[in-house]
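Here UniProt numbering is used: the first residue of the sequence shown is 81, the next is one more, and so on.
From the three backbone atoms N, C-alpha and C, an ideal C-beta is built for every residue, glycine too.
Predicted, not measured: the structure shown is a model, and the values here were computed from it.
Below: the structure, in structure tokens.
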Amino acid sequence: QIDSTVSITVVGASGDLAKKKIFPALFALFYEDCLPKHFTVFGYSRTQLTDEELRNMIGKTLTCRIDKRENCGDKMEQFLQRCFYHSGQYSSEEDFLELDRKLKDKEVGKSANRLFYLSIPPNIFVDVVRCASRTASSPTGWTRVIVEKPFGRDSQSSGELTRSLKQHLTEDQIFRIDHYLGKELVENLSVLRFSNLVFEPLWSRKFIRNVQLIFSEDFGTEGRGGYFDNYGIIRDIMQNHLLQILALFAMETPVSLDAEDIRNEKVKVLRSMRTLQLDDVVVGQYKGHTRGGRSLPAYIDDPTVPKGSLTPTFAAAALFIDNARWDGVPFLMKAGKALNTRRAEIRVQFRHVPGNLYKRNFGTDLDKATNELVIRVQPDEAIYLKINNKIPGLSMRLDSSNLNLLYASRYPREIPDAYERLLLDAIEGERRLFIRSDELDAAWALFTPVLKELEDKRIAPELYPYGSRGPVGAHYLAAKYNVRWGDLS
Ligand code: BG6
Numbered sequence: 081q082i083d084s085t086v087s088i089t090v091v092g093a094s095g096d097l098a099k100k101k102i103f104p105a106l107f108a109l110f111y112e113d114c115l116p117k118h119f120t121v122f123g124y125s126r127t128q129l130t131d132e133e134l135r136n137m138i139g140k141t142l143t144c145r146i147d148k149r150e151n152c153g154d155k156m157e158q159f160l161q162r163c164f165y166h167s168g169q170y171s172s173e174e175d176f177l178e179l180d181r182k183l184k185d186k187e188v189g190k191s192a193n194r195l196f197y198l199s200i201p202p203n204i205f206v207d208v209v210r211c212a213s214r215t216a217s218s219p220t221g222w223t224r225v226i227v228e229k230p231f232g233r234d235s236q237s238s239g240e241l242t243r244s245l246k247q248h249l250t251e252d253q254i255f256r257i258d259h260y261l262g263k264e265l266v267e268n269l270s271v272l273r274f275s276n277l278v279f280e281p282l283w284s285r286k287f288i289r290n291v292q293l294i295f296s297e298d299f300g301t302e303g304r305g306g307y308f309d310n311y312g313i314i315r316d317i318m319q320n321h322l323l324q325i326l327a328l329f330a331m332e333t334p335v336s337l338d339a340e341d342i343r344n345e346k347v348k349v350l351r352s353m354r355t356l357q358l359d360d361v362v363v364g365q366y367k368g369h370t371r372g373g374r375s376l377p378a379y380i381d382d383p384t385v386p387k388g389s390l391t392p393t394f395a396a397a398a399l400f401i402d403n404a405r406w407d408g409v410p411f412l413m414k415a416g417k418a419l420n421t422r423r424a425e426i427r428v429q430f431r432h433v434p435g436n437l438y439k440r441n442f443g444t445d446l447d448k449a450t451n452e453l454v455i456r457v458q459p460d461e462a463i464y465l466k467i468n469n470k471i472p473g474l475s476m477r478l479d480s481s482n483l484n485l486l487y488a489s490r491y492p493r494e495i496p497d498a499y500e501r502l503l504l505d506a507i508e509g510e511r512r513l514f515i516r517s518d519e520l521d522a523a524w525a526l527f528t529p530v531l532k533e534l535e536d537k538r539i540a541p542e543l544y545p546y547g548s549r550g551p552v553g554a555h556y557l558a559a560k561y562n563v564r565w566g567d568l569s
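What follows is the structure in structure tokens.
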């Protein structure tokens, strides 16, 4: 690496994602000495800015989160001095050619490697990729492009996008990001399962009754209604973040930890899944609500949301994997905005102990005795296992309590942001946590028919109050498969 340069061009540098996530993640990597010796960061967007103005803009969002005690001002200054700006149109080859000149000016060593981060709306992905690949790809090293979802709206548009991108790039150059795959607890999922004898043998229909993937936010789409309305919660969260977690959770043991081996297994499990049916989906939308004198807006109060929009801000779904390991096990997903809490977690409910000697201690409700493994992705990252225990004392009273691995107590060091891991992997050419095009196709195949049906039939979402636990329909859906949502019991 000493004899080469890596330049990272953030296309869409003045946007929210760049300011909030990408530049801070790059700084954190620099602070941790994870970036190559020779690196430069370029911001590219239409806004006219000087290098200095970009530095001021970025400087405002950088924080010294890693070691708060130490004054990291010097490091920040060093980082900012490596940041440059180029203003250009997204579909102008000339502007990208100009960028190429600026990149060359800063490149040292035998090879120059270039990473482009497309932090821009999807309708301009292809223009940027065309211009950048023709005029600004590296003549001496690698060129890679990170793209952010949405990757289309359905199977067809996603397929078209893939084909267009592949006219200019090889699959190996495309890094499709799903930032949930960079979250610490999601990365740990495979370690937990494949390196612990107490879990691996239980990971099947023989012992697992159901799996729940839950995402909730306690805020609405405020400020993003215009974007969100085109997609809805199923496309925004379920088809990507939750489904990716499901695939990692349920895949067979990969041949090795190599990216292709892992992604092969993920595709296999996605292809074994049953296409989602309308009967197995509940959709909801938040309505206005007054709480503690504060009035919380309805989704449709957002001026950027079309009047009468039926776009779901909540959805629950029951999915099934038709293979030998998971036959008949419901995988329930639930995702919603403007709910009572912010949380992302995986809950695994185990079967009842056959012929449980202590059955009567649980009364008629054997569900109370269910062992449950909870992987809390955020906030307050934790893994805990609900077990049954005798309450100390002279009587035989049982209690369900948690074996609890709370990350904040066990690992006091702050957990890196998902974007740090993913950017570092892209720089290092590690593809394990990025989505391959066949994975994407399989993911869209599962959801496209039901999305079309919901839209064609103009299915009205069940309204739920802002700040509530979501539509009651989600309980009926779970009950249909004899399941209780673990986060509500
Ligand atoms: C994004 C969605 O992918 O993930 C947003 O588009 C959502 O709607 C966000 O708020 C949640 O990410 P995180 O990391 O804050 O849980």
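Rounding to the nearest angstrom, what Cα-Cα distance links residue i and residue j in this structure?
| i | j | result |
| --- | --- | --- |
| G306 | T384 | 5 Å |
| K140 | L160 | 11 Å |
| Y561 | K155 | 55 Å |
| E157 | L265 | 32 Å |
| K182 | P541 | 51 Å |
| K263 | G473 | 42 Å |
| L412 | D338 | 29 Å |
| D316 | S238 | 14 Å |
| L526 | K229 | 17 Å |
| F274 | C152 | 39 Å |
| L134 | Y165 | 6 Å |
| D479 | A449 | 9 Å |
| A105 | L503 | 8 Å |
When every heavy atom of the ligand BG6 is checked, does at least one fall within less than 7 Å of the C-beta of residue i?
| i | result |
| --- | --- |
| H248 | no |
| N365 | For the sequence presented, residue 365 should be read as Gln rather than Asn. No. |
| Q458 | yes |
| A424 | yes |
| residue 624 | Shown here, the chain extends from 81 to 569; a query on residue 624 therefore has no answer. |
| E297 | yes |
| D316 | yes |
| H432 | no |
| H259 | yes |
Within 10 angstroms of the Cβ of residue i, are there 16 or more other Cβ atoms? Answer buried if so, exposed if not.
| i | result |
| --- | --- |
| Y499 | buried |
| F103 | buried |
| T85 | buried |
| residue 31 | Here the chain has residues from 81 to 569 only, and residue 31 is not among them. |
| K367 | buried |
| F295 | buried |
| R477 | exposed |
| Q429 | buried |
| N276 | exposed |
| S569 | exposed |
| L483 | exposed |
| residue 571 | What the structure shows of the chain is the stretch from 81 to 569, and residue 571 is not part of that stretch, so it cannot be assessed. |
| L446 | exposed |
| Q236 | exposed |
| N451 | buried |
Considering only heavy atoms of the ligand ZN, does any lie closer than 7 Å to the CB of residue i?
| i | result |
| --- | --- |
| M413 | In the structure shown, the ligand ZN is absent; the only ligands present are the ligand BG6. |
Legend entry - 3-residue-minimum beta strand (DSSP E) runs that sit fully inside the region 169 to 228, ordered along the chain: 191 to 198 and 223 to 228
Inset, instruction - Give a yes or no on contact between the region 198 to 211 and the region 91 to 105, applying the rule of three or more CB pairs nearer than 8 Å. - result: yes
Inset, instruction - Report yes or no: do the region 464 to 471 and the region 487 to 497 share at least 3 C-beta pairs separated by less than 8 Å? - result: no
Legend entry - Completely contained beta strand (DSSP E) runs for the region 243 to 284, where each covers 3 or more residues: 254 to 257, all fully within the region 243 to 284.
Inset, instruction - Decide if the region 274 to 287 is in contact with the region 434 to 448; the criterion is three or more beta carbon pairs, one per stretch, under 8 Å apart. - result: no
Inset, instruction - Specify whether the region 547 to 566 and the region 335 to 353 touch according to this definition: at least 3 beta carbon pairs, one from each stretch, less than 8 Å apart. - result: no
Legend entry - Completely contained beta strand (DSSP E) runs for the region 277 to 330, where each covers 3 or more residues: 288 to 296
Legend entry - the region 386 to 400 contacting the region 355 to 370, beta-carbon criterion three pairs below 8 Å: yes
Inset, instruction - Within the region 414 to 472, note down every full beta strand (DSSP E) run reaching 3 residues or more, in order along the chain. - result: 423 to 430, 452 to 458 and 462 to 470
Inset, instruction - Check whether the region 248 to 260 touches the region 372 to 380, taking contact to mean three or more Cβ pairs, one atom from each stretch, closer than 8 Å. - result: no
Inset, instruction - Evaluate the contact criterion for the region 166 to 176 versus the region 202 to 213: three or more CB pairs, one atom per stretch, below 8 Å. - result: yes
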